[in-house]
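Inspection log for the structure reproduced underneath, given as structure tokens.
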């Protein structure tokens, strides 16, 4: 094994051990201080459960990355953004904060990586005939991407183990390509990936059904932000020579993020078509619809994880088709999947009325 491989393995192991050993203490303190998530009409869990699991993920990730990784090429600014969002999420988990305050925290974290590290999407790589973006549009679009992906991961966190499983699949895929093709400018993002993987595995030991702790906004905002930065760097890496996907990297990235992106776009569309705010909470997420079909929580998580992996394999193997055809394929598949979920929803509603 190479020296880099050993370092990656050690950093992942460190993050895993810190996270796994931190969770029991967090659960104990949360019960002692009554910092528990109360079940309501929108949640699936039925008992009082701590929601500070993100603290353990953050501890494992942050300590491993600062010990083992090179903090250049934007990693230092990524860590600064993570610290900002960690405290935003922690406050929300403890006392609940407004959407506006959450947005300000995301704006600050995004500004740190965009302005101080120049981490941004600089080109559409031929999508709609657009290549290099003007600087202003580049900053604006990057901001939308970071906030959109961060909140997409936050929204998918609705079942025991679901967000963690999806994050593991996404980050593992990005991590492999950063390791294999990153070179001097992007290879240290493989450390970001393996540190997330280690921290998340330690947390998932206690998060699968029936979960003794939830990720909470502390974890979902943190993981969503990290995933968004990995996505941007993966897309930008496609502009360098010798990349496996070359100019198709934006559509490949969209496929890697399929489940959270599909879920967010679908629920926002359904809410707006019903005349409601796209941010109005409900039980219409894709995992709620699959549960309504009669699946159990664990099988729903496995099904969505499998769906994400199938789409990843599709975009990787058909990347040679280019951005346009891949995006058309993803959109067509999303529409068919939405139609399937909608048909089943209306059928189950009629059955409830009849009964």
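Residue numbers (our numbering): 111 to 465.
C-beta: ideal position from N, C-alpha, C; glycine also.
Bear in mind the structure is a predicted one, so any value in this text is a computation, not a measurement.
{"Item": "Nonlocal neighbours in the same chain, by C-beta distance under 7 Å from residue 300, ignoring five residues either side", "Value": "118, 285, 288, 289 and 292"}
{"Item": "Selected residue, minimal CA-CA separation from residue 399, among 386, 419 and 377", "Value": "377"}
{"Item": "CB of residue 199 within 8 Å of CB of residue 223, strictly", "Value": "no"}
{"Item": "Alpha helix (DSSP H) segment containing residue 346, residue limits", "Value": "326-347"}
{"Item": "Nearest-angstrom Cβ-Cβ length linking residue 348 and residue 338, presumed shorter than 8 Å", "Value": "Not a contact, Cβ separation roughly 16 Å."}
{"Item": "Contact belief for residue 394 with residue 334 at Cβ below 8 Å, rounded distance in angstroms", "Value": "No, residue 394 and residue 334 are not in contact; Cβ-Cβ is about 20 Å, not under 8 Å."}
{"Item": "Counted within 10 angstroms of its Cβ, other Cβ atoms place residue 342 as buried (16 or more) or exposed", "Value": "buried"}
{"Item": "Chain-order list of residues whose beta-carbon lies under 8 Å from that of residue 121 (same chain, five-residue window excluded)", "Value": "174, 175, 177, 178, 179, 301, 304, 305 and 308"}
{"Item": "Span of the alpha helix (DSSP H), counted from its first residue to its last, around residue 203", "Value": "185-205"}
{"Item": "Residue 373 in three-state terms, based on DSSP", "Value": "helix"}
{"Item": "For residue 367, the three-state DSSP class (helix, strand or coil)", "Value": "coil"}
{"Item": "Under 8 Å between C-beta atoms of residue 128 and residue 190", "Value": "no"}
{"Item": "Segment contact flag, the segment 251-267 with the segment 310-323, C-beta cutoff 8 Å, min 3 pairs", "Value": "no"}
{"Item": "Straight-line gap, residue 208 to residue 186 (C-alpha atoms, nearest Å)", "Value": "28 Å"}
{"Item": "Cβ separation of residue 276 and residue 414, assumed to be a contact under 8 Å, to the nearest whole Å", "Value": "7 Å"}
{"Item": "Bridge-paired residues (DSSP) for residue 146", "Value": "160"}
{"Item": "Beta-carbon gap between residue 298 and residue 182 smaller than 8 Å", "Value": "yes"}
{"Item": "Residues near residue 125 by beta carbon distance below 6 Å, same chain, minus five either side", "Value": "170, 171, 174, 305, 308 and 309"}
{"Item": "First and last residue of the uninterrupted alpha helix (DSSP H) at residue 427", "Value": "407-427"}
{"Item": "Residues that residue 233 bridges to, as DSSP identifies them", "Value": "242"}
{"Item": "Under 8 Å between C-beta atoms of residue 163 and residue 133", "Value": "yes"}
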